[in-house]
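Residue numbers (our numbering): 136 to 270.
Ideal Cβ positions, reconstructed from N, Cα and C, are used throughout, including at glycine.
Everything on this sheet refers to the single structure shown next.
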Ligand SMILES: [Cu+2]
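Written out as C-alpha cells, the structure is:
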C-alpha cells in the first residue's frame, strides 16, 4: 500500500513546515579530555541539532544534568544504548563510543547557562566540561 508508506512522511513534512522554526545545527567533538568547542550558544525555543563526534580512543558522553528541555531525541551511528529515557538521571544524556557519532536533538525552554559534562568516571575531573548558553 503506497498510501500507508507515504502518509507518515507527508505528515512529518507538514508538521515541520508548520512549526516555522529553523533548526540550529552545531557539532561538538569529544576526546580525552574535553569538548571542542567547549561553549555553544543557542536560542531559547529553537530546536537544536547537536552532532557529537567522538574522536577519542574511549567512550565519552554529553550530559547536562538539569535543563528544561522538550522534544528530545537521540540517534547513534552505532547501536549503542544510552539515551535520555526514564533510566537516565540526567535531563540530557547521549553516550558515544570511540569513533562514533551521535545526534542529539532538543529544544531548551528557559534561557540560562547550563554546564555540560562527560559523566564517564574521572573525565569531569580531567577537565571534560563545557557550557551551553541559551539566550
Ligand atoms: Cu569523557
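Beta-carbon proximity list for residue 170, same chain, < 6 Å, skipping 5 on both sides: Excluding residues within five positions, the ones whose Cβ falls inside 6 Å are 163 and 265.
To the nearest angstrom, how far is the alpha carbon of residue 269 from that of residue 165? Put simply, the backbone Cα of residue 269 is about 21 Å away from that of residue 165.
Whole angstroms are fine: how far does the CA of residue 186 sit from the CA of residue 267? For residue 267 and residue 186, the distance between alpha carbons rounds to 14 Å.
Across which residues does DSSP place residue 173 in a beta bridge pair? None; residue 173 has no bridge partner.
Sequence-distant residues of the same chain with beta carbon closer than 8 Å to residue 173, five excluded per side: Counting only Cβ-Cβ distances below 8 Å, and skipping sequence neighbours, we find 251, 264, 265 and 266.
Is residue 263 helix, strand or coil by DSSP? Note: residue 263 maps to coil in three-state DSSP.
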